[in-house]
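Take a look at the structure below.
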Amino acid sequence: EIHIKEPIEKEVNPRLLPGELLLCEASTVYKYIQEDGSNRGSYGKLVCTNFKISFLDDDSASDDNEPQFKNKIVGENDITLQCVDQIYGVYDEKKKLLTGQLRKYPENLIIYCKDLRVFNFCLRYTKEEEVKRIVSGIVHHSQTPKLLKRLFLFSYASAAPNNTDGRNQTVMFETLEDWRDELERTKGNVKYKAVTTNEGYRVSEKLPLYFVVPICISEESILKYEGRGIPIWCWSCHNGAALLKMSAFPKEQDDSTSQMQKAFLDGIYKTISKPPYELLKMDDLSSSLPSLQDIQTAYTRFKQLFLIDNSTDFWATDVKWFSLLESTNWLEIIRRVLKKAIEVVECLEIQQTNVLLIEESATDLCCVISSLVQVMMDSYSRTKSGFQSLIQKEWVIGGHGFLDRCNHLHKSEKEEAPVFLLLLNCVWQLVQQYPPAFEFTETYLTVLSDSLYVPIFSTFFFNSQHQRDTNKSGESLKTQSGPFRFLTVWDWSVQFDCKAQAFLNNPLYAEKPKPDKSQRKTSRSKHQRQLSLPLTQAKPSTKRGFFREETDHLIKNILGKRIGKFINSSEEPPNSLREFYDSWHSKPVDYHGLLLPRIDGPEIKVWAQRYLRWIPEAQLHGGGTIATAAKILDLMEEVQSLQVKMDEEHSQAVSGDVHSVPMLRNSARLSSLFPFALLQRQSVKPALPTSTWKDLEDEDDLVKRDDEFVDLSGDML
1 EIHIKEPIEK EVNPRLLPGE LLLCEASTVY KYIQEDGSNR GSYGKLVCTN FKISFLDDDS
61 ASDDNEPQFK NKIVGENDIT LQCVDQIYGV YDEKKKLLTG QLRKYPENLI IYCKDLRVFN
121 FCLRYTKEEE VKRIVSGIVH HSQTPKLLKR LFLFSYASAA PNNTDGRNQT VMFETLEDWR
181 DELERTKGNV KYKAVTTNEG YRVSEKLPLY FVVPICISEE SILKYEGRGI PIWCWSCHNG
241 AALLKMSAFP KEQDDSTSQM QKAFLDGIYK TISKPPYELL KMDDLSSSLP SLQDIQTAYT
301 RFKQLFLIDN STDFWATDVK WFSLLESTNW LEIIRRVLKK AIEVVECLEI QQTNVLLIEE
361 SATDLCCVIS SLVQVMMDSY SRTKSGFQSL IQKEWVIGGH GFLDRCNHLH KSEKEEAPVF
421 LLLLNCVWQL VQQYPPAFEF TETYLTVLSD SLYVPIFSTF FFNSQHQRDT NKSGESLKTQ
481 SGPFRFLTVW DWSVQFDCKA QAFLNNPLYA EKPKPDKSQR KTSRSKHQRQ LSLPLTQAKP
541 STKRGFFREE TDHLIKNILG KRIGKFINSS EEPPNSLREF YDSWHSKPVD YHGLLLPRID
601 GPEIKVWAQR YLRWIPEAQL HGGGTIATAA KILDLMEEVQ SLQVKMDEEH SQAVSGDVHS
661 VPMLRNSARL SSLFPFALLQ RQSVKPALPT STWKDLEDED DLVKRDDEFV DLSGDML
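See the structure below:
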C-alpha cells in the first residue's frame, strides 16, 4: 500500500545561489520517507543544478516548518554534487550501481551521500523523457571526472558579492607575519626562523610560500632537494622541545643518489641535534601507522553500517552490531592514531626531546599527528579560533591534498582517503571525554565535516597553496577579469544565522583552569545502540566471531572491572609510556593544561551525532546530550535574567555570543538526533518473520554470542 500525498498544484522553484544554473528537472517524483517500508512520502520536483541535487515539495515553499538549526546554503532536501557518494537504480526490485552512460532507466533512484544521508526517489509516475534527463544528468554531473575550473567554487566566486562580516579571528598563515607571530606565541623564535625561500614557489609547488625551519638550516639546503629532507617546524612546547615534520626522499633511488641523500640527511641531523637544540627522536609514520589504503578500506566498511534506508536493514544489523563494528577496524585505527599522539606528547613533555615526524609527502598522517599533539598540549588549539588556525596551518597551508583525498573531481579513487575525517573523529573522542576543555561542541565538528562537501569555500577544495594561488585568476571567464575572491569556511555566518551558530559554542567551556576531582569522575553515557567496542583481550579469538569464548571475561568487564591494557593488536606499549599515561590519568584534569585521551577498550566510541543522526531508530526521545544541553541553557537564561535585574546598566555586557543561544524549552519533545533531524516519528521494532528467527536459532553460537551480549550491555536497541 502506498500512502500518497497528492501532487502539488503550485509551482515550486529552486532557490539558486549566485552563479548556480538549473541543468535538468523532473516533475511528479515521489520521495520516500526513510522508514519501516510503509512507502509513505511526498510528491515533488527533482532538480539538478551545477551545485546541487534538490527535491522540492510543497513544504519547500513555506517557511512554517523552518528548523532551528538551518543551513542557509544546503537545505535538508539538498545534496551538493560533491556530497554524492554512490547512486543506485532499482530495476525489478534489484539494485544496480549507476555510472557513465545508461541504456535503461530505473524505476527508483537511491542516492547515498558522504554525510550518510540516504535519498530514495520513485520515478514510476514521472514522464519517461524527464526520467531520462534527470537520471543521466545527476549521474553525469556527480559521478564523472571533471576539470578543477568546472567546480561550482569558481562559478560562485565570480558571481557572488563579497560581503562577509570580516569578524573572523582565524589566523590564515598566508603571510610571513602570521608565522612570526606563531613563533612568538609558542616561544619558538629563539631556535627557529620563518623563511621566504619559497616565494614564487621556486623551491617547491608542494610547500607553502612561507614556513619555519631551524635557524641553522641554510637556504642552499632548502633549495637542494626541493625541500625534501628539511625539518619543518610545526609547534614548540613550553619547555623548548619542538615538533617537526619532514618530507622523506623516494625509497626507490639509484645507489649514487641514495648515498648523496643519506650524506645530506646525516648533515642535517647533526646540525639540529647539537645545542641549543634538544635531542632528536625520529618517527617514520609510514611504518608505525596504518597506510592510507588501510584507512580508506576501514572507513568504507564502517560507513556501510550507517547508510541505512529502512528499518528492516537497521534491525538486521542490530543483532550483529558488535561483530560488524569490530570487523571494520575503524575504531582500532582511531585508537592507534591517538596512541601515537600520546607517544609524541610523552617525548616532548617528559623526555624533552624534539620529535621529527617523517612521511613521504608530510601532508597526510603528519597533519593528523601534529594537529592532535597540539590539541592535547596547547589549550589555545581547543578554542574555536585556535582550532581553526591550527587547521589552516597544518592542513590548508601545510599542503594536505583535499582535492585528491576527498576525490572532489572523481579523477582517481586510488588517491581517496578520509584523512581529515580521521582527525575530526580523534578530536571528537577528546571533546566527548573532556567537554569543558573545548570552546566548541561536537555539533561544530559535525558541521565542519559536512563543509568538506560544500564547494563555495576554497578551504577544502585545493591540494596546496600553490594550486589555489595559480587558479585564483579569473581572466578566462568573461564575467570577471580580476582574481577570484574565494570564501573561507571559517566565516560561519555564510552557512548559519546567529541563533544556529550558538549550537557551535560550548556554554560550559571552562574559561579558567579549575582542577576539580569531582569533574574527573565520568559515567558512561547510555545510548540505545552501544557505541564502543567492549574491552577484550589483546589477541582476539582466531575463530569466526568477535565474542566467542569470551562471555565470562566480558561479563566481568561490563560489570565494572577495568583491565589496564591498551587494546592494540601490536605489542604492549613501553613501560615509560604506560607509566606516563597512568600517572596523568590518576590526577585531576587541568582543562587548560595537558589533555590525554582515554584509549583503553570501550573508551573509544562511535561519533553518534555524525553517524546516527539520520536514522530514526537510533534516536532517544527526550534524551541524549541535547536534553542535557537544553536544561543547561534554561539555567543560563535564568541566571542571565537575574543578572539583568541586579544590574541593568550592564545588560549589554551580558548579551554576547553565549547568550544568543536559542532556548530549547521542552527537552522532552527533542530527540538525541537534534539539531540535525527533528523528532517526527516513532520507530517500532518490527516482528521478524518466523523463518528469520528459525535461521538465527539454527546458528546456536550466533544467538548465544550476540543476544546474550545485548542483554548485558543494556544499551543496545
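Mapping the sequence shown onto the UniProt record's numbering, position 560 (from 1) lands on 560, and the numbers just tick up by one. We treat Cβ as the ideally placed atom computed from N, Cα and C, and that holds for glycine.
Identified DSSP bridge partners for residue i
i	result
residue 505	440
residue 78	54
residue 246	358
residue 381	DSSP output for residue 381 lists no bridge partner at all.
residue 280	354
residue 108	90 and 122
residue 49	22
residue 214	192
residue 31	42 and 121
residue 84	113
residue 483	473
residue 532	605
Cβ pair residue i, residue j closer than 7 Å
i	j	result
residue 347	residue 281	yes
residue 354	residue 242	yes
residue 32	residue 120	yes
residue 609	residue 446	yes
residue 726	residue 133	Summary: the structure shown does not reach residue 726, with the chain confined to residues 1 through 717, and so no result is reported for it.
residue 97	residue 461	no
residue 601	residue 672	no
residue 435	residue 636	no
residue 170	residue 492	no
residue 399	residue 464	yes
residue 20	residue 51	yes
residue 381	residue 387	yes
Assigned secondary structure, residue i (DSSP; H/G/I helix, E/B strand, else coil)
i	result
residue 401	coil
residue 425	helix
residue 168	coil
residue 627	helix
residue 449	helix
residue 621	strand
residue 229	coil
residue 44	strand
residue 602	helix
residue 207	coil
residue 471	coil
residue 234	strand
residue 549	Since pLDDT at residue 549 reaches only 35, below the 50 mark, its modelled position is unreliable, and the value read off the structure follows with that caveat. Coil.
residue 498	helix
residue 12	coil
residue 457	strand
residue 95	strand
residue 671	strand
residue 323	helix
residue 150	helix
residue 301	helix
residue 721	Only positions 1 to 717 of the chain appear in this structure, which leaves residue 721 out of reach.
residue 174	coil
residue 582	helix
residue 17	coil
residue 336	helix
beta-carbon residue i near the ligand ZN non-hydrogen atom, thresh 6 Å
i	result
residue 137	Absence of the ligand ZN is noted for the structure shown, with no ligands found whatsoever.
Inter-residue CB distance, residue i and residue j (contact presumed, cutoff 8 Å)
i	j	result
residue 626	residue 674	5 Å
residue 131	residue 102	The pair is not a contact, with the Cβ atoms about 10 Å apart (cut-off 8 Å).
residue 17	residue 156	6 Å
residue 394	residue 370	5 Å
residue 123	residue 29	6 Å
residue 505	residue 439	7 Å
Discussion item. With three or more C-beta pairs closer than 8 Å as the rule, is the stretch 329-342 touching the stretch 259-276?
Written reply: no
Could you say if the stretch 463-473 and the stretch 628-642 meet the contact criterion of at least three C-beta pairs nearer than 8 Å? no
Practice problem: Specify whether the stretch 189-201 and the stretch 441-457 touch according to this definition: at least 3 beta carbon pairs, one from each stretch, less than 8 Å apart. | Solution: no
Does the structure place the stretch 583-597 close enough to the stretch 309-325 that three or more beta carbon pairs sit under 8 Å?
Short answer: they don't touch.
Tell me whether the stretch 303-323 and the stretch 266-279 touch, counting them as touching only if at least three CB pairs, one residue from each stretch, are closer than 8 Å.
no
At a cut of 8 Å, does the stretch 393-409 reach the stretch 418-428 through at least three beta carbon pairs?
As far as the Cβ criterion goes, the stretch 393-409 touches the stretch 418-428, which means the pair count is three or higher.
Taking contact to mean at least 3 C-beta pairs separated by less than 8 Å, is the stretch 183-191 in contact with the stretch 203-216?
yes
| Would you call the stretch 275-290 and the stretch 312-322 touching, i.e. three or more CB-CB distances under 8 Å? | The stretch 312-322 and the stretch 275-290 do not touch, with fewer than three beta-carbon pairs separated by less than 8 Å.
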